Amino acid sequence: PFPNNECGFSGGHNEVWLFKYSEQIINIVRLRESLRDYIEYHLNISNQNGTPILRPMFYDFNDDLKCYQSEDQYMFGTDYLVAPVYTYQATSRSVYLPKIDQYNSVWQHYYTKIFYQGGQRYNISTTLNDFPLFQKIQSIWNC
C-alpha cells in the first residue's frame, strides 16, 4: 500500500463534484480520456526525438508568418490546434487557422464539427463547454 493524500497539499477536498463547475471539469476529463492514445503516441515521439507535444504554431507551420504572431494559440501534437479563452465570461474569440497544405485542407472544430478553411482568421463562439479546439481533417485520429 502507498500513502495517498486525497486532499492534496492544501488539505482541502479536491473531488470534482464539490466544485461549482463540476460538469465542465468532467467534460474536460472525458476529452482527455478520449485522446489517451493520441497523447501517448505524441509523448512517445517527444521522448524519442525531443519534439514537444505542446508547441507554438510556427513549429509546424514555419512558412506561415501569421503563426509567428499568434502568441495565444498552440498546437497539441501534430493534429490539434488549441485557442484558449483567457477573457472572463467571453462568448467568442479570434482564432487564426493556418493553411495546412498546398490543397488548403480544412480544420474541424472539435465540438461543433464545423469546417474552416486554413490561412484565415475567424471569430469563434465559445462557452465553458466548447472552447476553440480544432483538428486537421486529414488526421488519422478521429474527432
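In our numbering, the protein residues as written are 936 to 1078.
Positions of the beta carbon are idealized from the N, C-alpha and C atoms, including for glycine.
Since this is a predicted model, take the numbers as computed values, not measurements.
Give the secondary structure of E950 by DSSP, where H, G and I count as helix, E and B as strand, and everything else as coil.
Taking the sequence shown and counting its residues from 1, the one referred to as residue 950 is at position 15. E950: coil per DSSP, three-state reduction.
To the nearest angstrom, report how far apart A1025 and N979 are at their CA atoms.
Counting from one through the sequence shown, the residue named residue 1025 turns up at place 90. Counting from one through the sequence shown, the residue named residue 979 turns up at place 44. One C-alpha to the other measures close to 35 Å.
N1058 lies in the beta strand (DSSP E); which residues open and close that run?
Residue 1058 sits at position 123 when you count from the first residue of the sequence shown. 1055 to 1060 is the extent of the beta strand (DSSP E) around N1058.
Residue range of the beta strand (DSSP E) that L1032 falls in?
Along the sequence shown, one-based indexing puts residue 1032 at 97. First-last of the beta strand (DSSP E) with L1032: 1027 to 1032.
Contact defined as beta carbons within less than 8 Å: I believe P1067 pairs with V1030. What is the distance between those atoms, to the nearest angstrom?
Working through the sequence shown from its first residue, we reach residue 1067 at position 132. Working through the sequence shown from its first residue, we reach residue 1030 at position 95. So it is a contact: roughly 5 Å between Cβ atoms.
Do you know whose CA, among I1059, Q1043, E975, lies nearest I1072's CA?
Counting from 1 along the sequence shown, the entry for residue 1072 is found at position 137. When only C-alpha atoms are compared, the closest one is Q1043.
Under 8 Å, with one C-beta from each stretch per pair, do the segment 1010 to 1026 and the segment 981 to 990 reach the 3-pair mark?
Contact between the segment 1010 to 1026 and the segment 981 to 990 is present, because at least three Cβ pairs lie under 8 Å.
Where does C1078 sit, in a helix, a strand or coil, going by DSSP?
Taking the sequence shown and counting its residues from 1, the one referred to as residue 1078 is at position 143. Confidence in C1078 is poor, its pLDDT being 49 and thus under 50, which makes the residue's placement too unreliable to answer from.
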